[in-house]
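Engineer:
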Amino acid sequence: MDYNFRDIEKKWHQRWVEQKTYHVEEDKTKKKFYVLNMFPYPSGAGLHVGHPLGYIASDIYARYKRLQGFNVLNPMGYDAYGLPAEQYAIQTGQHPEITTVANINHYREQLDKIGFCFDWDREVRTCDPSYYHWTQWAFQLMFNSYYDTALNKAQPIQQLIAHLEQKGTEGLNAWATEELSFTADEWKQKDEKEKSELLMNYRIAYLGETMVNWCPELGTVLANDEVVEGVSIRGGYPVVQKKMRQWCLRVSAYSQRLLDGLETIDWTDSLKETQRNWIGRSEGAEVVFKVKDSDKQFTIFTTRADTMFGVTFMVLAPESELVNELTTPEQKAVVEAYVEETKKRTERERMIDKKVTGVFTGSYAINPFTGESNPIWVSDYVLAGYGTGAIMAVPAHDSRDYTFAKHFGLPIIPLIEGCDISEESYDAKEGIVCNSPRADVKPYIDFSLNGLTVKEAIAATKDYVEKHGIGHVKVNYRLRDAIFSRQRYWGEPFPVYYKNGVPQMIPTECLPLLLPEVDHFLPTATGEPPLGHAKKWAWDEEKKLVVDNSLIDNKTVFPIDLYTMPGFAGSSAYYLRYMDPKNDTCLVSKEADEYWQNVDLYVGGTEHATGHLIYSRFWNKFLYDYGYSVKEEPFQKLINQGMIQGRSNFVYRVKDTNTFVSLGLSKDYDVTPIHVDVNIVSNDVLDIEAFKNWRPEYQNAEFILEDGKYVCGFAVEKMSKSMFNVVNPDMVVEKYGADTLRLYEMFLGPVEQSKPWDTNGIDGCHRFLRKLWNIYFDKDGNLITEDAEPSKEELKSIHKLIKKVTTDIENFSYNTSVSAFMICLNELNQLKSHNKTVLETFAVLLAPFTPHLSEELWEALGHTTTVCDAQWPEYNESYLKEDMVKMMISFNGKARFPMEFAVDADSATIEKLALESEQTKKYLEGFTVVKVIVVPKRIVNIVLKK
RNA sequence: GCCCUGAUGGUGGAAUGGUAGACACGAGGGACUUAAAAUCCCUUGGCCAUAACGGCUGUGCGGGUUCGAGUCCCGCUCUGGGCACCA
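In this note's numbering, the protein residues as written are 1 to 946.
1) When you compare the CB positions of S379 and V291, do they come within less than 8 Å of one another, or not?
2) With burial defined as no fewer than 16 other Cβ atoms inside 10 Å of the residue's Cβ, what is the status of C117: buried or exposed?
3) Just list the residues that DSSP pairs R125 with in beta bridges.
4) What do you reckon, are the CB atoms on I161 and R203 nearer than 8 Å?
5) Would you list the one or two residues that DSSP bridges to C248?
6) Should H766 go down as buried or exposed, given a rule of 16 or more other Cβ atoms within 10 Å for buried?
7) Would you mind reading off the limits of the alpha helix (DSSP H) that contains V24?
8) Can the beta-carbon of A57 be found less than 8 Å from the beta-carbon of I639?
9) Check the DSSP bridge columns for G604 and list the partner residues they point to.
10) Run through the region 286-357 for me and flag every whole beta strand (DSSP E) of 3 or more residues, listed as ranges in chain order.
11) Give, in chain order, every unbroken run of the beta strand (DSSP E) that is at least 3 residues long and sits entirely within the region 351-400.
12) Using beta-carbon positions only, say whether K113 and V733 come within less than 8 Å of one another.
13) Residue range of the beta strand (DSSP E) that M505 falls in?
14) Which runs of the alpha helix (DSSP H) at least 4 residues long sit entirely within the region 518-605? Give them in chain order.
15) Quick one: grab the DSSP three-state call for D260.
16) Around the Cβ of H397, are there at least 16 other Cβ atoms within 10 angstroms (buried) or fewer (exposed)?
17) Kindly identify the DSSP beta-bridge partner or partners of A154.
18) May I ask you to check if the CB of H520 is nearer than 7 Å to at least one heavy atom of the ligand FAD?
19) How close, in whole Å, do the beta carbons of Y81 and G604 come, if the pair is a contact with beta carbons under 8 Å?
20) To the nearest angstrom, how far is it from the Cα of H51 to the Cα of I104?
21) Would you please state the rounded distance, in angstroms, between the beta carbons of Y497 and I560? I believe it to be under 8 Å.
22) Taking the beta carbon of P566 as the centre, do at least 16 other beta carbons fall within 10 Å, making it buried, or is it exposed?
23) Let me check one thing: in DSSP terms, what residues is F842 bridge-paired to?
24) Looking only at C-alpha atoms, which of E856, V818, E877, L880 sits nearest to W16?
25) So, with DSSP's three-state summary, where would you put Q68?
26) Using DSSP with H/G/I as helix, E/B as strand and the rest coil, what is T865?
27) With three or more beta-carbon pairs closer than 8 Å as the criterion, would you say the region 284-302 touches the region 460-475?
28) Relative to the C-alpha of T403, which residue among G385, E423, C419, I416 is closest?
29) G627: which of P238, Q597, H608 sits nearest, CA to CA?
30) Here's the rule I'm using: 16 or more other beta-carbon atoms within 10 Å means buried, otherwise exposed. How should G54 be labelled?
31) With C-beta atoms as the reference, is L587 less than 8 Å away from W134?
32) Whole angstroms is fine: what's the gap from G115's alpha carbon to Y132's?
33) On the DSSP letters alone, give me the boundaries of the alpha helix (DSSP H) that E702 sits inside.
34) In the DSSP assignment, find the unbroken beta strand (DSSP E) run with V805 in it and report its ends.
35) Here's a check: name, in chain order, each residue in its chain whose Cβ is nearer than 6 Å to the Cβ of F618, leaving out the five neighbours to either side.
36) Between the beta-carbon of E752 and the beta-carbon of G642, is there less than 8 Å?
Here you go:
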């Protein structure tokens, strides 16, 4: 009887459900192990072959840990809020929840086919009120908190208010948007609205004015990665910069802790490096420059304090408030014109064409080290958002300053001995400092850096600056606060209402604030977000109820916030919720959190390196500060599964038209490539009718064909719903079975490596399972095992396998494990072995990889319990001893004579035997033994010299 | 530009500094079969040689360390990823 994977997999899937095989409870008698996958967004395209790669890898690990006796938590859920469902709702009027639930059900079906050991009783969905209750709760807690820079943790905002009431801003240790200074009396005189505004400067969740990527067509703000070359990825609509008042999270306050935490977790170096870059810590100094003939002064930030003597001009960011202050009346017109001009250009445009632009303000700053007057310019190469929005320009040692100086003919003073600055600046922080001060100039202060190395000079200057009160040492971070508002419908609503324009939190006991019903999912006619359509979206403060908008009287009934939270809100603390998913009194109970601690193994893609994986760490640290999470870092070990790449197809839209031109002719037009669903493309030829029906905006599309066909372009890239190149695993499961799919995805190559999806080779894995079946069963389906003690060869073969598989799983080298299984099976076949003990061990070893088949074999071998609770075998080193050692003799490192040498002993004995053997002696004559190298159980290498 | 990866047959990929190319796919040959499918066996980095044993060469390029380098060090080239007027 053949290996009937369909029946076997169906049978075991049912059995697992009936027996709740994968249900897990806290059990203090067992050690815990928490395995987690980044939960998927349930897209309409369904699960593709790339998703399971990580799930299978973690499933194998989870099963392996369970076999080792750990109490394993391996949950799964859905990141259910997202733009695609909303877009679909806009197009069809179908409520996103319906789409989402349908997609989730589809995902679940697909996941169930692959045989994962998820505990579905712990499923979470971010769009479920019982879940987003805690997302809203965390947001409110952040609103009611500030970051204390002395204690280095979040604290209740009440403490900050108490401080302001007593001492004003004096002695205040709080991370702030901008440094403010006022007294307790000034604070007390402010009205509620003013106080609220001031507190926004400190709250961890705050309302702030920020520049955003605004897409008018989509009526929403887009994240940077949703915008490419000034147009939205989805739809290709133009995106503009716009200043908006929105909710923000003070992630920047946690910069240092996010950086330090990286030292305590087991992630790849490259991922840690990516996060370090993103956080972008730079140590430098803030230095105060006085303005000439004025009592004004301003501060600049520099990491090159050593270059103080090379400053030849100053530059302000156009958005800087200093611009107005420092512009002289004569220059006012020019400067204002310039500032207006830069406003029109987006940040993107400014970066693309690196035109050197700028204007002189008319003012001069006095360099505190040279006493020289440096002209103050305005230029858009200086960013308002970083440092102080003002810089000192050292053209000799900064390439941007250099270009600017060359363009406007400003002086350049070299400060490093022997550096060549005739063509470009010398940016390296190496060399010996000179011209500091210059020999031809009378020293302004008693301070010299000449002769020091750059590093020494930086330290010396910082020291001087601190001592003389002209500045201080300062650390800057590039990490920006997260913008937390979205002008969308399908997301968590903010539990906030506005009382006379002052944001108020809806009482905690009234959470969750449910997402209201709307009849349109687009922005309103007045440009408000979709929640503006909600009829029942007002808060009755007395009744503590959501009521109809028409009841708003601004006395007891107030409007509710119209924004919703972004995708990362729901995914930031879901790992905590899995520990205690049904708790309706808190996010996670103390007991559950203390038992499960944090995630031991987290598996997911690198694409989340600067998004989810930063936000989640931030969110967890915040909860940790209040004791809601016992561990400061959420994910102890992280494995990045490589992306399974897909083969995408493109159509080429002629710019500003609805005409598409075939690949061969696209060179003659100005075109934008747009991804097209691979399912409506066959051999790179587009099905035009299917394309027209694909999206409403293409209904009336026109085509320029070649040879009567529309030929699409292609590329190998990430398999993703947004690239429309998704391949589903269902077909593979149907044809070969889940166990083959699991084995094959692991066999494809290292888990962490990206590779394009390719079904060549899947036969090999399937063949292996069939051969495996045939070693247990004869043609009639009868078990053919022998009860005898295993032979020496059998023991060697199986213990080799135990060792290999055990170490491979620990190292996530699943591909070589699969090879080891194949080798061992071949050996057993050669030995014509049907030994029961050996076959039992084989089935257990294979259980993490091919659970259905292993269960079937385990049962056939007479076991009544599930193979999941078998004991992971230990290997015995003594069976693995090689009994042949290879020996090599090298003469002056030139010749080598390989020979075999029978031995079963330790290194010292091998060495002795090797030197005394008859075989060797004839070679030793006339030579001195330089050294003998014994590679245990493998090679003896005798090095000889004349 | 900066940071991080990686580079091995026709392909995916194996190799704690110790016989490079495991394992699998593909290809070629053979067995079984009326035939096909399935299955099994053999060959398969390149070059040379052969009745046969075998020999040379070979892990992106150039150096170095070592008895011994795909692996370690230095300098390049290219691939992929991240960041990017961040002072």
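Glycine included, every Cβ here is placed at the ideal spot set by N, Cα and C.
Structural biologist: So, to answer that:
1) As a position in the first sequence, residue 379 is number 379, starting the count at 1. As a position in the first sequence, residue 291 is number 291, starting the count at 1. For S379 and V291, no; Cβs fall outside 8 Å.
2) Taking the first residue of the first sequence as 1, we reach residue 117 at position 117. Flag for C117 reads buried.
3) If you number the first sequence from 1, residue 125 lands on position 125. DSSP lists Y78 as partners of R125.
4) Looking up residue 161 in the first sequence gives position 161. Looking up residue 203 in the first sequence gives position 203. The Cβ atoms of I161 and R203 lie no closer than 8 Å to each other.
5) Position 248 of the first sequence, counted from the start, is the residue given in the question as residue 248. As DSSP reads the structure, C248 sits in a beta bridge with Y206, I483.
6) Taking the first sequence and counting its residues from 1, the one referred to as residue 766 is at position 766. Counting other Cβ atoms within 10 Å of its Cβ, H766 reaches 16 or more and is therefore classed as buried.
7) The residue given as residue 24 occupies position 24 in the first sequence. Taken as a continuous stretch (DSSP letters only), V24 belongs to no alpha helix (DSSP H), as it is neither H nor E.
8) Mapped onto the first sequence, residue 57 falls at position 57. Mapped onto the first sequence, residue 639 falls at position 639. Yes, the Cβ-Cβ distance between A57 and I639 is below 8 Å.
9) By 1-based counting over the first sequence, the position of residue 604 is 604. Per the DSSP secondary-structure output, G604 pairs in a beta bridge with N640.
10) Taken in chain order, the complete beta strand (DSSP E) segments of 3 residues or longer contained in the region 286-357 are 297-302, 313-316.
11) The qualifying runs are 359-366, 373-378, 390-393.
12) By one-based count along the first sequence, residue 113 stands at place 113. By one-based count along the first sequence, residue 733 stands at place 733. Annotated as proximal: K113 and V733, with beta-carbon spacing under 8 Å.
13) Indexing the first sequence from 1 puts residue 505 at position 505. Membership of M505 in the beta strand (DSSP E) is indicated by the continuous run 502-505.
14) Counting only runs of 4 or more, we get 567-571, 574-577, 590-596.
15) Looking up residue 260 in the first sequence gives position 260. Correct three-state label for D260: helix.
16) Position 397 of the first sequence, counted from the start, is the residue given in the question as residue 397. Buried, by the Cβ-count rule.
17) For the purposes of this step, residue 154 is identified with residue 154 of the first sequence, where counting begins at 1. Bridge partners of A154: Y147.
18) Absent from the structure shown: the ligand FAD. Ligands present: none.
19) Taking the first residue of the first sequence as 1, we reach residue 81 at position 81. Taking the first residue of the first sequence as 1, we reach residue 604 at position 604. With 8 Å as the limit, Y81 and G604 do not qualify as a contact, their Cβ atoms being about 18 Å apart.
20) To locate residue 51, count along the first sequence from 1; it is residue 51. To locate residue 104, count along the first sequence from 1; it is residue 104. Taking the straight line joining both Cα atoms gives about 14 Å.
21) Along the first sequence, read from residue 1 onward, the residue named residue 497 stands at position 497. Along the first sequence, read from residue 1 onward, the residue named residue 560 stands at position 560. The pair is a contact, with the Cβ atoms about 5 Å apart (cut-off 8 Å).
22) Here the question's residue 566 lines up with position 566 in the first sequence. Using a 10 angstroms sphere on the CB of P566, the tally of other CB atoms reaches 16 or more, which defines it as buried.
23) In the first sequence, counting from the first residue as 1, residue 842 sits at position 842. For F842, DSSP records no beta bridge to any residue.
24) Locating residue 16 in the first sequence gives position 16, counting from the first residue. Taking the Cα of W16 as reference, the smallest distance to any Cα among E856, V818, E877, L880 is reached at E856.
25) Numbered from its first residue, the first sequence carries residue 68 at position 68. In the displayed model, Q68 falls within coil according to three-state DSSP, outside both helix and strand.
26) Counted from its first residue, the first sequence places residue 865 at position 865. In the structure shown, the three-state DSSP call for T865 is coil.
27) A contact between stretches requires three or more CB pairs, one per stretch, nearer than 8 Å, and the region 284-302 meets this requirement with the region 460-475.
28) Within the first sequence, numbered from 1, the residue matching residue 403 stands at position 403. Taking the Cα of T403 as reference, the smallest distance to any Cα among G385, E423, C419, I416 is reached at E423.
29) Residue numbering aside, residue 627 sits at position 627 when the first sequence is read from its first letter. Taking only the C-alpha atoms, the option nearest G627 is Q597.
30) Here the question's residue 54 lines up with position 54 in the first sequence. By the 10 Å Cβ count, G54 comes out buried.
31) Here residue 587 corresponds to residue number 587 of the first sequence, with the count starting at 1. Here residue 134 corresponds to residue number 134 of the first sequence, with the count starting at 1. A contact, by the Cβ cut-off of 8 Å.
32) Locating residue 115 in the first sequence gives position 115, where the first residue counts as 1. Locating residue 132 in the first sequence gives position 132, where the first residue counts as 1. In this structure, the CA atom of G115 is about 29 Å from the CA atom of Y132.
33) To locate residue 702, count along the first sequence from 1; it is residue 702. Following the DSSP letters along the chain, one finds E702 in no alpha helix (DSSP H) but inside the beta strand (DSSP E) bounded by residues 702-704.
34) Counting from one through the first sequence, the residue named residue 805 turns up at place 805. Counting along the chain, V805 sits inside no beta strand (DSSP E); it lies in the alpha helix (DSSP H) bounded by residues 792-811.
35) One-based indexing of the first sequence puts residue 618 at position 618. Taken in chain order, the residues that qualify are V251, Y254.
36) In the first sequence, residue 752 corresponds to position 752, counting from 1. In the first sequence, residue 642 corresponds to position 642, counting from 1. Using a Cβ distance threshold of 8 Å, E752 and G642 count as a contacting pair.
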